[in-house]
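Protein sequence lines, in the order shown, are assigned to chains Y and Z.
To convert, take the position in the first sequence, counting from 1, and add 13; that gives our numbering.
To convert, take the position in the second sequence, counting from 1, and add 435; that gives our numbering.
Please read the structure below before turning to the comments.
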Amino acid sequence: MKILVTAKRVEDPESKIKVKPDGSGIVQEGLKYKINPFDEIGVEEGLRLVAKHGGEVVVVSIGGKEVQEQLRHALAMGATRAVWVNHTGPLDQMGVAGLLQKVAEKEKPDLVILGKQAIDDDQNQVGQYLAEFLGWGQATFASKVESLESEQEKNKVPALQMGADNKSVRVVREVDNGLATLECALPAVVTTDLRLNLPRYASLPGIMKAKSKPIEELTPAKLSVDVTPKVQVLKMASPPPRKAGIKVPDVATLVDKLRNEAKVV
Amino acid sequence: MAAVLEQARSGAVPVGGAFLFNDVGSVRITTPELFTEEQRLYLKTALQFSTEQVLPQAEKIEAKDNALLRDLLRRAGELGLLMIDIPEAHGGLGLDKTTSLLIAEAMSLQGSWSVSFGAHTGIGTLPIVWFGNEAQKQKYLPKLATGELVAAYALTEQGSGSDALGARTKAVLSPDGKEWILNGSKLYITNAAFADVFVVFAKVDGDKFTGFIVERGSPGFTVGPEEHKMGIRGSSTCPLYFEDARIPRENLLGEVGKGHKIAFNILNYGRLKLGAGVLGGMKLQLRNALLFAQERKQFQTAIASFPLTREKLARMTTLIHAVESMTYRTSGLVDAVMAGADKTAADYSARLIAAIEEYAIESSIMKVYGSEALGYVVDDAVQIHGGAGYIEEYPVERAYRDARINRIFEGTNEINRMLIAGMLLKRTMKGTLPLFEVAQAVDEDLTAERLPKARVQDELAAEEQAAENLKRLAIYTLKVAAETFGAEIEQRQEVLATVADIVMDAYALDSVVTRTRQAAGEGKLDAVRVAMARQFATEANVQSYARARRALCATVKGDALEEHLAKVARLELFTPYDPVELRETILQAVEKASGYPLSAV
Ligand SMILES: Cc1cc2nc3c(=O)[nH]c(=O)nc-3n(C[C@H](O)[C@H](O)[C@H](O)COP(=O)(O)OP(=O)(O)OC[C@H]3O[C@@H](n4cnc5c(N)ncnc54)[C@H](O)[C@@H]3O)c2cc1C
Ligand SMILES: Cc1cc2nc3c(=O)[nH]c(=O)nc-3n(C[C@H](O)[C@H](O)[C@H](O)COP(=O)(O)OP(=O)(O)OC[C@H]3O[C@@H](n4cnc5c(N)ncnc54)[C@H](O)[C@@H]3O)c2cc1C
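Structure follows, in structure tokens:
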């Protein structure tokens, strides 16, 4: 089975993010980057699935030369090869989905796994667009029943369950009032939630092997995708700093303040 | 400096100790800025392992949860962290020494774990890698590489610590010639409680110092009770007892009577590695102290804004930078010698051991300087914490206790100081280092009051000059002592130790200036690095000239002393900088990075 997984490059949440004074973007100097944690969970799930069912994990990332770092990380975790869509200009979620559609049509995977969102702009759209563009079934927010301390997790059992003859996939999803289970015909698009698995580290032998794994370079032009954004970012701003809290002597004062000052109850 | 050694001119790798005679920057050095992409990825994985798997378990580790420690070793094995120094043919990765050191750095965030990891991968496993025969390598190395087996190293005895070859443990061949029979005991053996494989030294027939591989469970071999230690309490340290212990004849390691070769070479590498094995801990303590100081308010002010706190944080940063610059420079020298060598060749280990031995002076420097820098850093870190620094709940309290062992094992700092000065003299006698010629030239220059200027006239010209003058100072002082005392110099330990101290500061300052210039390439020098170099030079100068005067006072008397003191004073040209300005430049970078500002990843 072939699984295509995305690996977006995002700012490391440990870095201090500052908006440029003119609001045109964030200050990139001194920032650290990593693979989107939801995508990393996707790579892990893909690796577990091919360990059980055979096949390969192909990772894909869109961006400048620097995204090769995240592709190498996924290769070091165990992915077989990588696709790099070289593009540096502005790009919206539809553009990303359009590029991924063409990559998926070219690769013909049984399953595409994406993070439910990327931790930089938290959009939560690409997986859904992609399923629509491809006309495939989708299951978002894949999670699992077992806890992350369970034996299944320790033994790296995949949470996504393949149906008979690998023709379908059963996905447990996290929804507002509990867990829902979906069965999707393959090929399908799955997006990962946080509690799907604990991703493995890139081992030292894995890092060594990754060096010689192929990264195929594509461009929007080669894929014949017009990536002119439909959504424009006009301005970025930091959230206003939070005001200091106050201490109240008793519950009565608290209720009074909530009702008459904050006007929330 | 006046005399550039031939190797530097010809572009070859400089010989051990050459830094003392070569110009600052005459040879390109390995620095974290030059780590390869793979090395950065290895470091990331190792740091992730340390911060996510080891640090959160610190309390359990400290409660001597041996099962946990073993499990961590196995998990480290799964990631390949135990494979670095083991050849590919035997289940390892056969990577370079710089990589080995940067992994040691990443493992050093928690003291007990760091020592346990180091004992397994270093002193425990390496004797078999370097001196084992093919059958021994095949039997043990693949399992040591994965952590399925854990290794320990047993050299020290009740009566022989620093005097490592004075072992009393005895080995004789059994009458049927099939087994070795060992009698005696060992003391303070790391990993003893749960190790499977012990490299043990004993004297064959009571006089031929020899290495053996002893497996747990061998008849007559027992592990004694845990010692209760000041620090690294989570690591296991026990005595070993051999009462007519029987081990198979084929468990002889290397040759009978050649155990000293194993012991000394393992020590050389252990000393080099210790420089890296303190770096991770120092960086963590800097970060924790900074974060504490930013949170903690006194007099309605965060204590991080008090000048005396800032002074400490800047001093910690500068020390870390110096240790880091020397550490990877030294491992880079070993790697440069081994570059291109065929790793599968029969003599590869022998060549590697020789390459490490070549830089034994630098390695002893790393051991002494690294362990003492760690001592200063944890001391400042406790002080910044105030009363909290003295309370167990705060990790800095443990770090303070854990740091102390580093000055004792891998050869005490006294022994290593003697080695630094002693090896300089020995290599001079052998003709590989030009101490006396250069000392002569220095003397002539000083008599004529003529001092060569810095070669590069940039913002660091004064620091380059200071580094060159520290080398002259060390060379001059050592020469005076050697001439005065002759063969008796070995008994003049204070003088030798003082020379060693000056040599260490010279190596550090040379490394810091060279690294700062290299990092800038053709561009502008980085202001933060320049500030660190200046701050380091200021401290190094003050202490080195005071030390040299003391050494000279302990060496010559009367008019001759006056003359020497006057000459030495001519070297002391360095004008200190405003320390407040320097520390502010450094601290702004530290605050921005929330810790050490020049991390490789
Ligand atoms: C926690 C811990 C873990 C250890 N792990 C191991 C291990 O795994 N394997 C192992 O084999 N050993 C191990 N050791 C032992 C360690 O290597 C020795 O403690 C160390 O070499 C010092 O020896 P010693 O304790 O006998 O001190 P001594 O040699 O008695 O030294 C006492 C003092 O005398 C000084 N001194 C000694 N000789 C001279 C001299 N010639 N000139 C000037 N001063 C001198 C020393 O510098 C020191 O200050 C460990 C020790 C500890 C505490
Ligand atoms: C074992 C122990 C026993 C004790 N016994 C007693 C006792 O019996 N009774 C009692 O009342 N207290 C006791 N104490 C408390 C002790 O006196 C305080 O810990 C000490 O005064 C330091 O205060 P602090 O811990 O709040 O540190 P802080 O005042 O927060 O200091 C933290 C750091 O900031 C520095 N700093 C603070 N202010 C400034 C400034 N203006 N300029 C520059 N640097 C500054 C400090 O020098 C220190 O390095 C004890 C503490 C311990 C650990």
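Where is the CB? At the ideal position from N, CA and C, for every residue including glycine.
Note that the coordinates shown come from a computational prediction; the quantities given were computed from them, not determined experimentally.
Per DSSP, the bridge partner or partners of residue i
i       : result
C197(Y) : V182(Y)
G612(Z) : Bridge partners of G612(Z): none, in fact.
R22(Y)  : I48(Y)
A144(Y) : Answer by DSSP bridge pairing: none, since A144(Y) is not bridged.
E229(Y) : V96(Y)
G646(Z) : F636(Z), L688(Z)
Y676(Z) : S620(Z), T657(Z)
S156(Y) : V185(Y)
A606(Z) : L617(Z), V639(Z)
Straight-line gap, residue i to residue j (C-alpha atoms, nearest Å)
i        : j        : result
P253(Y)  : K47(Y)   : 27 Å
E807(Z)  : R842(Z)  : 7 Å
D206(Y)  : D520(Z)  : 39 Å
A889(Z)  : K696(Z)  : 42 Å
M221(Y)  : E473(Z)  : 7 Å
V18(Y)   : V240(Y)  : 21 Å
L844(Z)  : K778(Z)  : Per the sequence shown, the amino acid found at residue 844(Z) is Phe instead of Leu. When rounded, the distance between both Cα atoms is 31 Å.
L62(Y)   : A737(Z)  : 52 Å
I54(Y)   : L209(Y)  : 7 Å
L1008(Z) : A724(Z)  : 35 Å
N686(Z)  : K693(Z)  : 14 Å
T477(Z)  : T534(Z)  : Here the sequence assigns Tyr to residue 477(Z), which means Thr is not the residue at that position. Roughly 8 Å between the two C-alpha positions.
P887(Z)  : E957(Z)  : 24 Å
T919(Z)  : N457(Z)  : 26 Å
P200(Y)  : E42(Y)   : 41 Å
A438(Z)  : F454(Z)  : Unreliable placement is indicated for A438(Z), whose pLDDT of 48 sits below 50; no coordinate value is reported for it.
M773(Z)  : D782(Z)  : 12 Å
V489(Z)  : L721(Z)  : 19 Å
E229(Y)  : Q83(Y)   : 14 Å
V98(Y)   : V109(Y)  : 10 Å
S543(Z)  : K708(Z)  : 11 Å
A637(Z)  : L1006(Z) : 50 Å
R985(Z)  : V977(Z)  : 13 Å
Y804(Z)  : K495(Z)  : 31 Å
D35(Y)   : A131(Y)  : 24 Å
F971(Z)  : L754(Z)  : 8 Å
M436(Z)  : R952(Z)  : Low local confidence applies: a pLDDT of 49 at M436(Z) is under 50, so the model's placement there is unreliable, with the coordinate-based value given in what follows. Taking the straight line from one Cα to the other gives about 17 Å.
L113(Y)  : N49(Y)   : 16 Å
L88(Y)   : L507(Z)  : 25 Å
G826(Z)  : V448(Z)  : According to the sequence shown, residue 826(Z) is Ile rather than Gly. Approximately 49 Å, taken between the alpha carbons.
Near ligand 2: residue i beta-carbon under 7 Å from a heavy atom
i       : result
Q729(Z) : no
Y825(Z) : yes
Q818(Z) : yes
G822(Z) : yes
Q488(Z) : no
Q733(Z) : yes
Residue i CB to nearest heavy atom of ligand 1 below 7 Å
i       : result
T847(Z) : yes
T556(Z) : no
A749(Z) : no
M717(Z) : no
Expected contact under 8 Å - CB spacing of residue i and residue j to nearest Å
i       : j       : result
T625(Z) : S671(Z) : 7 Å
K15(Y)  : G68(Y)  : 5 Å
L231(Y) : V96(Y)  : 6 Å
I682(Z) : F647(Z) : 6 Å
G655(Z) : A627(Z) : No, G655(Z) and A627(Z) are not in contact; Cβ-Cβ is about 16 Å, not under 8 Å.
Residue i: CB within 7 Å of a non-hydrogen atom of ligand 3
i       : result
L702(Z) : Looking for ligand 3 in the displayed structure turns up nothing; the ligands present are ligand 1 and ligand 2.
Contact between the segment 601 to 614 of chain Z and the segment 515 to 535 of chain Z is defined here as three or more beta-carbon pairs at a separation below 8 Å; is this criterion met?
The segment 515 to 535 of chain Z and the segment 601 to 614 of chain Z do not touch, with fewer than three beta-carbon pairs separated by less than 8 Å.
Would the segment 466 to 482 of chain Z count as touching the segment 748 to 766 of chain Z if we require 3 or more Cβ pairs under 8 Å?
The segment 466 to 482 of chain Z is in contact with the segment 748 to 766 of chain Z.
So does the segment 930 to 938 of chain Z actually touch the segment 905 to 919 of chain Z, counting three or more Cβ pairs closer than 8 Å?
Short answer: they touch.
At least 3 beta-carbon pairs within less than 8 Å: the segment 162 to 180 of chain Y vs the segment 89 to 105 of chain Y:
With the cut-off at 8 Å, the segment 162 to 180 of chain Y and the segment 89 to 105 of chain Y do not touch.
Stretch-stretch touch, CB-based, cutoff 8 Å, three pairs: the segment 566 to 586 of chain Z with the segment 616 to 624 of chain Z
In this structure the segment 566 to 586 of chain Z does not touch the segment 616 to 624 of chain Z; the number of beta carbon pairs closer than 8 Å is below three.
Taking contact to mean 3 or more Cβ pairs, one atom from each stretch, closer than 8 Å, check whether the segment 858 to 877 of chain Z and the segment 902 to 911 of chain Z are in contact.
They touch, by the three-pair rule.
Using a Cβ distance threshold of 8 Å, determine whether the segment 159 to 176 of chain Y contacts the segment 138 to 146 of chain Y, with at least three qualifying pairs required.
Flag = no, the segment 159 to 176 of chain Y and the segment 138 to 146 of chain Y do not touch.
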